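Heads up: the structure comes next, in structure tokens.
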Amino acid sequence: MQVLYFAWVRERIGLPREEIDSSAATVRELVSELAAREDRYAMAFSDLSALRVALDQDLADFDAPLAGVREVAFFPPMTGG
Amino acid sequence: MQVLYFAWVRERIGLPREEIDSSAATVRELVSELAAREDRYAMAFSDLSALRVALDQDLADFDAPLAGVREVAFFPPMTGG
Amino acid sequence: MRIVVQKAPFDFGAEAGAFAAGRTDMGAVVTFTGVVRDLPDDPLKVMEIEHYPGMTERALEKIATEASERWNLGDVLVIHRFGPMTPGEQIMMVATAAPHRVDAFAAAEFLMDYLKSRAPFWKKEITGDGADWVAAKDEDEAALDRW
Amino acid sequence: MRIVVQKAPFDFGAEAGAFAAGRTDMGAVVTFTGVVRDLPDDPLKVMEIEHYPGMTERALEKIATEASERWNLGDVLVIHRFGPMTPGEQIMMVATAAPHRVDAFAAAEFLMDYLKSRAPFWKKEITGDGADWVAAKDEDEAALDRW
């Protein structure tokens with residue numbers, strides 16, 4: 001699946017998107033896999049309460065299932081307007 | 001004092017303003033004097049709850065004193081905006 | 001603060017654009033515009049607005065000053081027309097500029113609620129069937145209670 | 001309904017004027033414009049807005065559609081920029097047209113509250129001291145509870 005990062009999540013991880021091959025069943029499991037990769041991932045995902053996630057461009061929960069999802073995006077709370 | 005009429009009050013009484021010589025102490029007394037004049041005044045002042053009054057261009061109550069007032073205006077509830 | 005009472009049409013886009021332009025300390029600008037609506041059952045020929053010259057400007061200034069005291073505002077604009085207008089014409093506008101959106105919205109709604117029931121304007125609708133003074137609505141008077 | 005997400009500046013006055021023009025069935029038009037504010041202590045050089053292409057349009061359409069379902073609206077316009085902007089530049093605008101003012105105001109405030117916290121935009125402030133992502137405010141999240 002495509003994993004996208006925005007704002008300071010993108011800056012901490014150091015890239016805007018990547019293709020990830022994962023069998024994680026939920027967002028939370030995917031986050032654990034990513035955080036285990038390298039320090040920059042561990043840092044970006046250290047506080048889930050400061051993060052939001054979208055699945056196929058709709059906001060979702062961290063407990064949401066990933067089955068059939070093609071695009072996962074992680075980012076901080078939004079500040080539009 | 002100058003007495004002004006607006007909207008349907010003006011139309012019923014048939015003039016936009018007139019000079020009135022009155023010793024009425026309050027707006028309510030002035031209204032009684034005017035209503036006693038002619039039918040067209042009696043009709044215009046028949047229901048005070050449908051009227052508003054301004055003294056020297058500030059909204060006032062019908063019990064407000066007239067001492068020192070130079071301009072009294074009668075009109076229906078306002079419908080601006 | 002700018003209060004304008006005039007018979008002539010005004011250019012809403014130009015007024016709104018000028019009001020919002022060049023402010024670096026105000027994060028939020030809200031505008032409201034009132035438009036003459038056609039009547040569904042009996043087509044409106046003309047909406048005629050009568051006002052009380054002198055008191056009108058005084059009442060609008062009072063309302064705008066009170067808004068500026070209640071909320072943190074950078075600027076307020078009120079334009080209100082009188083005389084005859086046809087459907088689609090803009091009757092009036094208010095605009096508020098504030099550091100934050102909550103103040104800009106609240107002040108604009110306050111201005112509209114007060115202007116509806118406390119500024120001396122009266123609307124008359126002229127249709128094929130005749131002419132009628134628009135009755136004040138109880139809900140407009142009730143709207144003042146929230147402030 | 002018109003949703004625009006663009007890097008280029010937009011002409012607020014022209015957009016507001018065009019939006020309000022020629023409506024004979026809508027008595028009320030409300031606009032909101034967000035403006036880049038300068039920072040009092042540390043002058044702002046640039047405000048940079050990042051967004052999530054694709055999801056942004058989708059989220060704005062969802063919010064505008066929900067507003068149209070909740071209130072009696074004739075039209076909705078949302079314009080939101082991304083990229084770098086300087087103090088005084090207009091970031092975004094919403095406009096609502098409705099038969100009555102209560103609906104036009106409520107829908108515009110609803111759009112703004114949701115757009116602030118549910119549309120994927122992120123602001124970064126670049127000053128002489130460096131660059132900081134703007135933190136979301138608890139009060140913006142809390143503002144959603146009223147709807």
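Chain order of the listed sequences is H, Z, B and W.
Just so you know, we're using our numbering here: the first sequence kicks off at 1 and counts up by one.
Just so you know, we're using our numbering here: the second sequence kicks off at 1 and counts up by one.
Just so you know, we're using our numbering here: the third sequence kicks off at 1 and counts up by one.
Just so you know, we're using our numbering here: the fourth sequence kicks off at 1 and counts up by one.
For each residue, glycine too, the CB sits at the ideal point set by N, CA and C.
Predicted model only: the values in this text are computed from it and were never measured.
request  = Give me the Cβ distance between Z/D63 and Z/T26, rounded to the nearest whole Å; I'm assuming they're in contact under 8 Å.
outcome  = By 1-based counting over the second sequence, the position of residue 63 of chain Z is 63. By 1-based counting over the second sequence, the position of residue 26 of chain Z is 26. Indeed they touch by this definition, with Cβ atoms about 6 Å apart.
task = Can you check DSSP and say which residues form a bridge with B/D132?
result = Your numbering for residue 132 of chain B matches position 132 in the third sequence. According to DSSP, B/D132 bridges with B/E125.
task = Grab me the residues of B/L95's own chain with a C-beta within less than 6 Å of its C-beta, minus the 5 sequence neighbours each way, in chain order.
result = Indexing the third sequence from 1 puts residue 95 of chain B at position 95. What sits at residue 95 of chain B in the sequence shown is Ala, not Leu. Within the same chain, B/A95 has close Cβ partners F19, T31 and L77.
ask   = Exposed or buried, what is W/E15 when buried is set at 16 or more other beta-carbons lying within 10 Å of its beta-carbon?
value = Here residue 15 of chain W corresponds to residue number 15 of the fourth sequence, with the count starting at 1. It counts as buried.
key: 8 Å contact criterion, which W/I126 and W/E48 should meet: CB distance rounded   = Locating residue 126 of chain W in the fourth sequence gives position 126, where the first residue counts as 1. Locating residue 48 of chain W in the fourth sequence gives position 48, where the first residue counts as 1. Yes, they are in contact, since the Cβ atoms of W/I126 and W/E48 sit about 6 Å apart, within 8 Å.
key: The alpha helix (DSSP H) enclosing B/T56, as first and last residue numbers   = Residue 56 of chain B sits at position 56 when you count from the first residue of the third sequence. Looking at the DSSP string, the run of the alpha helix (DSSP H) that includes B/T56 is M55 to R70.
key: Exposed unless 16 or more other CB atoms sit within 10 angstroms - verdict on W/K116   = Locating residue 116 of chain W in the fourth sequence gives position 116, where the first residue counts as 1. Buried, because 16 or more other Cβ atoms sit within 10 Å of the Cβ of W/K116.
ask   = Considering only residues of the same chain and omitting the five flanking positions on each side of W/A59, which have a CB-CB separation below 7 Å?
value = The residue given as residue 59 of chain W occupies position 59 in the fourth sequence. Closer than 7 Å at the Cβ level, and outside the excluded window around W/A59, lie R118, A119 and P120.
Rounded separation between B/D129 and Z/A42 - CA only = Taking the third sequence and counting its residues from 1, one reaches residue 129 of chain B at position 129. Taking the second sequence and counting its residues from 1, one reaches residue 42 of chain Z at position 42. Their backbone Cα atoms lie some 27 Å apart in a straight line.
query = Checking contacts by CB at 7 Å: is W/G54 closer than that to chain B?
reply = As a position in the fourth sequence, residue 54 of chain W is number 54, starting the count at 1. For W/G54, the answer is no, since every Cβ of chain B falls outside 7 Å of its Cβ.
key: DSSP bridge partner residues for W/L44 (one or two, in chain order)   = On the fourth sequence, position 44 is the one that residue 44 of chain W refers to. According to DSSP, W/L44 bridges with W/T127.
ask   = Is there contact between the stretch 31-46 of chain B and the stretch 25-44 of chain W, where contact requires at least three CB pairs shorter than 8 Å?
value = Yes, since at least three Cβ pairs between the stretch 31-46 of chain B and the stretch 25-44 of chain W fall closer than 8 Å, the two stretches touch.
query = Which runs of the beta strand (DSSP E), 3 residues or longer, sit entirely within the stretch 42-76 of chain Z?
reply = Qualifying beta strand (DSSP E) stretches, in chain order: 52-55, 58-60 and 71-75.
message = In the DSSP assignment, the alpha helix (DSSP H) including Z/I20 goes from what residue to what residue?
response = What you label residue 20 of chain Z is simply residue 20 of the second sequence in a count that begins at 1. Neither: Z/I20 is in no alpha helix (DSSP H) and is coded neither H nor E.
key: Where W/P9 falls, given that 16 or more other Cβ within 10 Å makes a residue buried   = Numbered from its first residue, the fourth sequence carries residue 9 of chain W at position 9. The residue is exposed, with fewer than 16 neighbouring Cβ atoms inside 10 Å.
ask   = Which first and last residues belong to the beta strand (DSSP E) in which B/L77 is found?
value = Along the third sequence, read from residue 1 onward, the residue named residue 77 of chain B stands at position 77. Per DSSP, B/L77 belongs to the beta strand (DSSP E) from D75 to R81.
inquiry  = For the alpha helix (DSSP H) containing B/G34, name the first residue and the last one.
reply    = As a working note, residue 34 of chain B is residue 34 in the third sequence. It is not in any alpha helix (DSSP H) - B/G34 instead sits in the beta strand (DSSP E) that spans A28 to V35.
inquiry  = Could you check whether the Cβ of W/A16 sits closer than 7 Å to any Cβ belonging to chain B?
reply    = Indexing the fourth sequence from 1 puts residue 16 of chain W at position 16. For W/A16, the answer is yes, since a Cβ of chain B falls inside 7 Å of its Cβ.
task = Using a Cβ-Cβ cut-off of less than 8 Å, list which residues of the stretch 29-60 of chain H approach chain W; keep chain order.
result = Residues passing the 8 Å Cβ filter: A54, Q57, D58 and L59.
task = Compare the beta carbon distance of W/D132 and W/A97 with 7 Å and say whether it is the shorter of the two.
result = What you label residue 132 of chain W is simply residue 132 of the fourth sequence in a count that begins at 1. What you label residue 97 of chain W is simply residue 97 of the fourth sequence in a count that begins at 1. Contact flag unset, no.
message = Using C-beta distances below 6 Å, list every residue in its chain close to B/P84, excluding the 5 sequence neighbours before and after it, in chain order.
response = As a working note, residue 84 of chain B is residue 84 in the third sequence. When the five nearest sequence neighbours on each side are left out, the beta carbons in the same chain lying within less than 6 Å of the beta carbon of B/P84 are those of V46 and E48, in order along the chain.
query = Is there a Cβ from chain B that is less than 7 Å from the Cβ of W/M112?
reply = As a first step, residue 112 of chain W is located in the fourth sequence; it is residue number 112 there, counting from the start. Chain B, which has a Cβ nearer than 7 Å to the Cβ of W/M112, makes this yes.
W/T24 versus Z/P77: straight-line alpha-carbon distance, rounded = What you label residue 24 of chain W is simply residue 24 of the fourth sequence in a count that begins at 1. What you label residue 77 of chain Z is simply residue 77 of the second sequence in a count that begins at 1. In a straight line, the C-alpha of W/T24 is about 25 Å away from that of Z/P77.
message = Measuring alpha carbon to alpha carbon, tell me which residue in B/A21, B/T56 and B/F82 is nearest B/E50.
response = Looking up residue 50 of chain B in the third sequence gives position 50. That would be B/F82, whose Cα lies nearest to the Cα of B/E50.
ask   = Can you give the Cα-Cα distance for B/D140 and B/A108, rounded to whole angstroms?
value = For the purposes of this step, residue 140 of chain B is identified with residue 140 of the third sequence, where counting begins at 1. For the purposes of this step, residue 108 of chain B is identified with residue 108 of the third sequence, where counting begins at 1. For B/D140 and B/A108, the distance between alpha carbons rounds to 15 Å.
task = Consult DSSP for H/Y5 and reduce its assignment to one of helix, strand or coil.
result = Residue 5 of chain H sits at position 5 when you count from the first residue of the first sequence. Under the three-state reduction of DSSP, H/Y5 is assigned to strand.
request  = Could you work out which residues of chain B lie near W/E109, taking near to mean beta carbons separated by less than 7 Å?
outcome  = By 1-based counting over the fourth sequence, the position of residue 109 of chain W is 109. Near W/E109 (Cβ distances below 7 Å), the residues of chain B are F105.
message = Check whether chain Z comes within 7 Å of B/L44, counting only Cβ atoms and requiring the distance to be less than that.
response = One-based indexing of the third sequence puts residue 44 of chain B at position 44. So, not an interface residue.
query = So B/R23 is in the beta strand (DSSP E); what residue range does that whole segment cover?
reply = Residue mapping note: residue 23 of chain B aligns to position 23 of the third sequence, counting from 1. Where B/R23 is concerned, there is no enclosing beta strand (DSSP E), given that its DSSP letter is neither H nor E.
message = Measuring only the C-alpha atoms, how far is B/T65 from W/D103?
response = If you number the third sequence from 1, residue 65 of chain B lands on position 65. If you number the fourth sequence from 1, residue 103 of chain W lands on position 103. Approximately 26 Å between the Cα atoms of the pair.
inquiry  = Taking the alpha helix (DSSP H) that B/A106 belongs to, which residues open and close that run?
reply    = Looking up residue 106 of chain B in the third sequence gives position 106. Here the alpha helix (DSSP H) through B/A106 covers R101 to R118.
message = Quick check: what's the CA-CA separation for H/S22 versus W/R146?
response = Along the first sequence, one-based indexing puts residue 22 of chain H at 22. Along the fourth sequence, one-based indexing puts residue 146 of chain W at 146. Approximately 40 Å, taken between the alpha carbons.
key: Option nearest H/I20 by Cα separation, candidates H/G80, H/L66, H/R52 and H/W8   = Here residue 20 of chain H is taken as the residue at index 20 of the first sequence, counted from 1. With distances taken between CA atoms, H/I20 lies nearest to H/L66 out of H/G80, H/L66, H/R52 and H/W8.
Whole-angstrom distance between H/G68 and W/M92, CA atom to CA atom = Start at 1 with the first residue of the fourth sequence, and residue 92 of chain W comes out as number 92. Start at 1 with the first residue of the first sequence, and residue 68 of chain H comes out as number 68. C-alpha separation (whole angstroms): 35 Å.
query = If we ignore side chains and look at the alpha-carbon of each, how far apart do Z/L15 and B/I3 end up?
reply = On the second sequence, residue 15 of chain Z is found 15 positions in, with the first residue counted as 1. On the third sequence, residue 3 of chain B is found 3 positions in, with the first residue counted as 1. Straight-line Cα distance between these residues: approximately 29 Å.
Assigned exposure category for W/Q6 - 16 Cβ within 10 Å defines buried = Here residue 6 of chain W refers to the residue found at position 6 of the fourth sequence. The residue in question, W/Q6, is exposed, as its Cβ has fewer than 16 Cβ neighbours within 10 Å.
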